[in-house]
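Engineer: One structure coming up, written as structure tokens, with questions to follow.
2 protein chains.
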Amino acid sequence: MIQQLDLMRQLHRSAGGRIVLLVMDGLGGMPMQAGGPTELEAAHSPNMDRLAMEGCLGQIVSVAPGVSPGSGPAHLALFGFDPLVFQIGRGVLEATGVGLQIGPGDVAARGNFCTLDRQGRIRDRRAGRIPSEQAAPLVDRLADIQVAGVEFTVRHVREYRFALRCRGADLNAAIDDTDPQTTGASPLPARPLAPEAERTAAHFNEWIRQAQGLLADEPQANGLTLRGFSTDPDLPKYDDIYGVRAVCLAQYPMYKGVSQLVGMQIHEFEGGDPAVQFAALQPIWEQFDFFFLHVKPTDSRGEDGDFAGKAKVIETVDAALPGLLQLAPDVLAITGDHSTPAALRTHSWHPVPLLIWAPGRVRADAETTFGERACARGGLGTLRGVDLMPLLMAHADRLEKYGA
Amino acid sequence: MIQQLDLMRQLHRSAGGRIVLLVMDGLGGMPMQAGGPTELEAAHSPNMDRLAMEGCLGQIVSVAPGVSPGSGPAHLALFGFDPLVFQIGRGVLEATGVGLQIGPGDVAARGNFCTLDRQGRIRDRRAGRIPSEQAAPLVDRLADIQVAGVEFTVRHVREYRFALRCRGADLNAAIDDTDPQTTGASPLPARPLAPEAERTAAHFNEWIRQAQGLLADEPQANGLTLRGFSTDPDLPKYDDIYGVRAVCLAQYPMYKGVSQLVGMQIHEFEGGDPAVQFAALQPIWEQFDFFFLHVKPTDSRGEDGDFAGKAKVIETVDAALPGLLQLAPDVLAITGDHSTPAALRTHSWHPVPLLIWAPGRVRADAETTFGERACARGGLGTLRGVDLMPLLMAHADRLEKYGA
Numbered sequence: 014m015i016q017q018l019d020l021m022r023q024l025h026r027s028a029g030g031r032i033v034l035l036v037m038d039g040l041g042g043m044p045m046q047a048g049g050p051t052e053l054e055a056a057h058s059p060n061m062d063r064l065a066m067e068g069c070l071g072q073i074v075s076v077a078p079g080v081s082p083g084s085g086p087a088h089l090a091l092f093g094f095d096p097l098v099f100q101i102g103r104g105v106l107e108a109t110g111v112g113l114q115i116g117p118g119d120v121a122a123r124g125n126f127c128t129l130d131r132q133g134r135i136r137d138r139r140a141g142r143i144p145s146e147q148a149a150p151l152v153d154r155l156a157d158i159q160v161a162g163v164e165f166t167v168r169h170v171r172e173y174r175f176a177l178r179c180r181g182a183d184l185n186a187a188i189d190d191t192d193p194q195t196t197g198a199s200p201l202p203a204r205p206l207a208p209e210a211e212r213t214a215a216h217f218n219e220w221i222r223q224a225q226g227l228l229a230d231e232p233q234a235n236g237l238t239l240r241g242f243s244t245d246p247d248l249p250k251y252d253d254i255y256g257v258r259a260v261c262l263a264q265y266p267m268y269k270g271v272s273q274l275v276g277m278q279i280h281e282f283e284g285g286d287p288a289v290q291f292a293a294l295q296p297i298w299e300q301f302d303f304f305f306l307h308v309k310p311t312d313s314r315g316e317d318g319d320f321a322g323k324a325k326v327i328e329t330v331d332a333a334l335p336g337l338l339q340l341a342p343d344v345l346a347i348t349g350d351h352s353t354p355a356a357l358r359t360h361s362w363h364p365v366p367l368l369i370w371a372p373g374r375v376r377a378d379a380e381t382t383f384g385e386r387a388c389a390r391g392g393l394g395t396l397r398g399v400d401l402m403p404l405l406m407a408h409a410d411r412l413e414k415y416g417a
Numbered sequence: 014m015i016q017q018l019d020l021m022r023q024l025h026r027s028a029g030g031r032i033v034l035l036v037m038d039g040l041g042g043m044p045m046q047a048g049g050p051t052e053l054e055a056a057h058s059p060n061m062d063r064l065a066m067e068g069c070l071g072q073i074v075s076v077a078p079g080v081s082p083g084s085g086p087a088h089l090a091l092f093g094f095d096p097l098v099f100q101i102g103r104g105v106l107e108a109t110g111v112g113l114q115i116g117p118g119d120v121a122a123r124g125n126f127c128t129l130d131r132q133g134r135i136r137d138r139r140a141g142r143i144p145s146e147q148a149a150p151l152v153d154r155l156a157d158i159q160v161a162g163v164e165f166t167v168r169h170v171r172e173y174r175f176a177l178r179c180r181g182a183d184l185n186a187a188i189d190d191t192d193p194q195t196t197g198a199s200p201l202p203a204r205p206l207a208p209e210a211e212r213t214a215a216h217f218n219e220w221i222r223q224a225q226g227l228l229a230d231e232p233q234a235n236g237l238t239l240r241g242f243s244t245d246p247d248l249p250k251y252d253d254i255y256g257v258r259a260v261c262l263a264q265y266p267m268y269k270g271v272s273q274l275v276g277m278q279i280h281e282f283e284g285g286d287p288a289v290q291f292a293a294l295q296p297i298w299e300q301f302d303f304f305f306l307h308v309k310p311t312d313s314r315g316e317d318g319d320f321a322g323k324a325k326v327i328e329t330v331d332a333a334l335p336g337l338l339q340l341a342p343d344v345l346a347i348t349g350d351h352s353t354p355a356a357l358r359t360h361s362w363h364p365v366p367l368l369i370w371a372p373g374r375v376r377a378d379a380e381t382t383f384g385e386r387a388c389a390r391g392g393l394g395t396l397r398g399v400d401l402m403p404l405l406m407a408h409a410d411r412l413e414k415y416g417a
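In order, the protein sequence lines correspond to chains A and B. Residues 14 to 417 (my numbering) are what the first sequence spells out, left to right. Residues 14 to 417 (my numbering) are what the second sequence spells out, left to right.
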């Protein structure tokens, strides 16, 4: 059987239209009371409604029915990689996201500063969420640690979080988290989950020992935990699979991380305003074929349970859309990576609204607004996350016919 | 790749809401004439319509598009087991359904009494459908049969049907049916389909020889046939996969059988009235997390070609629903195992209507009645049978997030 990625590799053309994939994180929502609108339905979004009228709607089941995905697996799916097949460790995602390249054989982990009491037990798993300005110098201090036989590199992520990379020969990432996941317990040592990982765990434990010494006198960040030990997943890349030059415009490290792992360039821009983000496309428009734009606050407001706030974020994106449309993308898809209904305050399994707009190539359906109920009736039907990329490629006239 | 059952094993929580799965056998229907309603659409079902308004609809393709499943595979699918992967023999289903446990190494077969003419040819394959009162004493007579080296156990099912279990060392179920599937021909011997089954077939043939002797003077049930030779499929169990204590309330042996094979308890209740069936939940409500309720007559009326009768069964279930709802299940799913349109008088491949109701956790769609056309537009989309269990688990808040 030809797998989907091989099919794309086989069918993709070297030229075609420009594709914009606009992901509003956690876009899918729910009514707050029976019969009410969802966040997206409540938002005043005339631009999206016009695109819905001209385009075609559907809904995406990110990973599988009933499964509430994390953002990592959900984005992998949107990029065409089945997250039940391709799995990326949290450490690799975090490291890649702050520009710490994870090469073959490297082992990455995500680190958290924490606050320990006098007995060495965790009092605060996030060190009082110390601000980045205080945490960054501590990370600099840890950069001096030397462990014989390997090379450690540490980089600050934000607030109490950092990424750690171990580079050397014969490393193995089968190591359990040192975070006991509770307060009142001491951080655990790095424990190997397989004999092959014993030496690597010992390297990390030596690093932890030295780090504890360097942090001992800190008032808040006097301890640390490591988790998500993982190694380069060696994913196939966008240029190989899809034949496109792809770029990511995202603010949060994890989204940059997963984009980089599938071969996207990262284009930095200032600030979280969608209008600024869309304007940042203009100077690079000719350099790329595929633009992944990530908007985070829809998810954050959903997790806060802030229905009106989430609708407001959608309205801000909608208001900025003309700036994106004036670049005349050939295909614009608007969707989410998963649902984060304010009513549930967490990621959920509910399907995610999808809008595909592609002048002259999309088959318009009967729907005229962008919302969950309209998407459930839309012409694209209910799709899996991995179905999206082939559809975008087709709408951009980037796929050959399959067979004669 | 992570398979679905492993994913459920990995993600399930130890606690969560109570789930009721109400299966009306053969629920899906068809109009009797163009433009008319289906059985479900014609039925007056105000309670289901209210649940449809508050909940979310979809349609289930039990096994695969175009495939009309038997009730065994269709139920396996609803329980989350792909029936193209997991296969259960009819003998095992029948035996398990009447409480005859099939352990590892046992071989089970389903038996039919038949009427033979003087030349030993079958005149009636079901022995004139003799009533249970007449058949049960004949089964008792067969219980005395002794075959050297193995232990046979026989149990009456209903009317002309019984289940037979052979227990011993090195048995093998690769044996062909003895039923010639036609009248005018003699019952066939048990024929091994593989060399490893030769000894087992000989045991069954010795049992058949003795049974024929004991039945020879019967006016109607003077012969028998055996089929569905099969052995324990050793299916994973509900508590392991889903972490729920599951119970089945069904009248017919086969449904109890398949439920037991996936680890459900069987709760017996008197009579086929849905109100009685729903009332039987009350005393065991605290003991279980998952309740499978099976209603048979929708299928029977469909097979009779009785459109009005099938609609009437649906109305009876609808009228009894308040008794179920007063138990306040967290999730109620109403669906069928397959379609049995009265217009076709047989199982069909048409998608089966699905309704999921789960206060506070279901995303309501725009549909307001429970029927095939509404379900085709519903917010859950078109699902495979195996997709149902993960959805029910999610709606009951029984699944962790997948990945970070």
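Glycine is no exception: its CB is placed at the ideal position from the N, C-alpha and C atoms. Just so it is clear, the structure is predicted and the values come from calculations on it, not from any experiment.
Please determine if the region 44-53 of chain B and the region 373-380 of chain B are in contact, where contact requires at least 3 C-beta pairs separated by less than 8 Å.
Structural biologist: The region 44-53 of chain B, when compared against the region 373-380 of chain B, does not touch it at the 8 Å Cβ threshold.
Engineer: For A:Thr-370, which of helix, strand or coil comes out of DSSP?
Structural biologist: Note that residue 370 of chain A is Trp in the sequence shown, not Thr. A:Trp-370: strand per DSSP, three-state reduction.
Engineer: CB-CB under 6 Å to A:Gly-398, same chain, minus the five flanking residues each way: which ones, in chain order?
Structural biologist: Excluding sequence neighbours, A:Gly-398 sits near Ile-73, Ser-75, Ala-90 and Leu-91.
Engineer: Excluding five sequence neighbours on each side, which residues of the same chain lie with their C-beta closer than 7 Å to the C-beta of B:Ala-293?
Structural biologist: Taken in chain order, the residues that qualify are Leu-262, His-280 and Phe-282.
Engineer: If you compare alpha carbons, which of B:Asp-62, B:Gly-392, B:Glu-385 and B:Ala-387 is closest to A:Cys-388?
Structural biologist: Ranking B:Asp-62, B:Gly-392, B:Glu-385 and B:Ala-387 by Cα distance to A:Cys-388 puts B:Gly-392 first.
Engineer: Within 7 Å: the Cβ of A:His-307 and any heavy atom of the ligand FMN?
Structural biologist: No copy of the ligand FMN occurs in the structure displayed, which carries no ligand at all.
Engineer: Strictly below 8 Å CB to CB, what residues from chain B border A:His-363?
Structural biologist: By Cβ distance, chain B contributes Arg-376.
Engineer: Taking a cut of 7 Å between CB atoms, which residues from the region 101-130 of chain A lie near chain B?
Structural biologist: Taking 7 Å as the Cβ-Cβ cut-off against chain B, the residues of the region 101-130 of chain A that qualify are Arg-103.
Engineer: Chain A beta carbons: is any one of them nearer than 8 Å to that of B:Ala-407?
Structural biologist: Output row for B:Ala-407: interface = yes.
Engineer: When you check each C-beta in the region 14-45 of chain B against every C-beta of chain A, which residues fall closer than 9 Å?
Structural biologist: Answer set for the region 14-45 of chain B: Met-14, Ile-15, Gln-16, Gln-17, Leu-20, Met-21 and Leu-24.
Engineer: Given that a residue counts as buried once 16 or more other Cβ atoms are within 10 Å of its Cβ, and exposed if not, what is B:His-57?
Structural biologist: The residue is exposed, with fewer than 16 neighbouring Cβ atoms inside 10 Å.
Engineer: Pick helix, strand or coil for A:Pro-82, following the three-state DSSP scheme.
Structural biologist: Here A:Pro-82 sits in strand by DSSP.
Engineer: Between which residues of its own chain and B:Glu-299 is the CB-CB distance below 6 Å, once the five residues before and five after are set aside?
Structural biologist: Excluding positions up to five away in sequence, the list is empty.
Engineer: Whole angstroms is fine: what's the gap from B:Glu-231's alpha carbon to B:Ile-158's?
Structural biologist: Answer to the nearest angstrom: the Cα atoms are 17 Å apart.
Engineer: Scan the region 352-417 of chain A and note each continuous beta strand (DSSP E) run of 3 residues or more that stays entirely inside, going in chain order.
Structural biologist: For the region 352-417 of chain A, whole beta strand (DSSP E) runs of length 3 or above, ordered along the chain, are 365-370 and 395-397.
Engineer: Based on Cα-Cα distance, which residue from A:Ser-27, A:Ala-28, A:Ile-15 and A:Asp-38 lies nearest to A:Ser-313?
Structural biologist: For the residues A:Ser-27, A:Ala-28, A:Ile-15 and A:Asp-38, the minimum Cα distance to A:Ser-313 belongs to A:Asp-38.
Engineer: Would a check of beta-carbon distances place A:Glu-385 closer than 8 Å to chain B?
Structural biologist: Yes, contact with chain B.
Engineer: Can you tell me the Cα-Cα spacing of A:Tyr-255 and A:Pro-403, whole angstroms?
Structural biologist: Taking the straight line joining both Cα atoms gives about 9 Å.
Engineer: Can you list, in chain order, the residues of its chain with a C-beta nearer than 7 Å to that of A:Val-163? Leave out the 5 residues immediately preceding and following it.
Structural biologist: Closer than 7 Å at the Cβ level, and outside the excluded window around A:Val-163, lie Cys-179, Arg-180, Gly-181 and His-216.
Engineer: Let's see if you can read the secondary structure: which residues bound the alpha helix (DSSP H) around B:Ser-243?
Structural biologist: Careful: B:Ser-243 lies outside any alpha helix (DSSP H), inside the beta strand (DSSP E) at 236-244.
Engineer: Spell out the partners DSSP gives B:Val-308 in its beta bridges.
Structural biologist: DSSP, once it has assigned bridges, lists B:Met-37 as partnering B:Val-308.
Engineer: Does A:Ala-47 come within less than 8 Å of chain B when only Cβ atoms are used?
Structural biologist: With 8 Å as the cut-off, A:Ala-47 counts as an interface residue toward chain B.
Engineer: What whole-angstrom Cβ distance do B:Lys-269 and B:Gly-110 have, given they're in contact under 8 Å?
Structural biologist: Confirmed, about 5 Å.
Engineer: Taking 7 Å as the limit between beta carbons, can you name the residues of its chain near B:Gly-276, skipping five residues before and five after?
Structural biologist: For B:Gly-276, where only same-chain residues beyond five positions count, the Cβ hits under 7 Å are Lys-250, Tyr-251, Asp-252 and Ala-259.
Engineer: Got a sec? Which residues, its chain only, sit under 6 Å from B:His-363 by beta carbon, not counting five neighbours each side?
Structural biologist: Around B:His-363: Gly-41 and Ser-352.
Engineer: Return the first residue and the last residue of the alpha helix (DSSP H) that A:Leu-338 is part of.
Structural biologist: Here the alpha helix (DSSP H) through A:Leu-338 covers 320-338.
Engineer: If we count Cβ pairs, one from each stretch, closer than 8 Å, do we get three or more for the region 106-120 of chain B versus the region 239-246 of chain B?
Structural biologist: Touching, yes, given that three or more Cβ pairs across the two stretches are closer than 8 Å.
Engineer: Show which residues of chain B have a CB atom less than 7 Å away from the CB atom of A:Thr-395.
Structural biologist: Residues of chain B passing the Cβ test: Gly-394 and Thr-395.
Engineer: Tell me, please, which residues DSSP counts as bridged to A:Asp-177.
Structural biologist: Per the sequence shown, residue 177 of chain A should be read as Leu rather than Asp. Paired residue(s): A:Ala-122 and A:Val-167.
Engineer: Here's a check: name, in chain order, each residue in its chain whose Cβ is nearer than 7 Å to the Cβ of B:Gly-322, leaving out the five neighbours to either side.
Structural biologist: Same-chain partners within the cutoff: Arg-314.
Engineer: Closer than 9 Å by beta-carbon distance: list the chain A residues that pair up with B:Arg-240, in chain order.
Structural biologist: Neighbours of B:Arg-240 on chain A: none; closest Cβ ~35 Å, over 9 Å.
Engineer: Can you list, in chain order, the stretches of the beta strand (DSSP E) that have 3 or more residues and sit fully within the region 251-319 of chain B?
Structural biologist: Within the region 251-319 of chain B, the complete beta strand (DSSP E) runs of at least 3 residues are 259-262 and 303-308.
Engineer: Closer than 8 Å is the cut-off here; do at least three beta carbon pairs connect the region 199-219 of chain B with the region 58-65 of chain B?
Structural biologist: At 8 Å Cβ cutoff, the stretches do not touch.
Engineer: For the alpha helix (DSSP H) holding B:Asp-62, just list the boundary residues, first then last.
Structural biologist: Where B:Asp-62 is concerned, the enclosing alpha helix (DSSP H) stretches over 59-67.
Engineer: Are the CB atoms of A:Leu-129 and A:Gly-285 nearer to each other than 8 Å?
Structural biologist: Cβ distance not < 8 Å, so A:Leu-129 and A:Gly-285 don't count as in contact.
Engineer: Which of the residues in the region 57-82 of chain B, read from start to end, lie with their CB under 8 Å from any CB of chain A?
Structural biologist: Going along the region 57-82 of chain B in chain order, one finds Glu-67 with a Cβ nearer than 8 Å to chain A.
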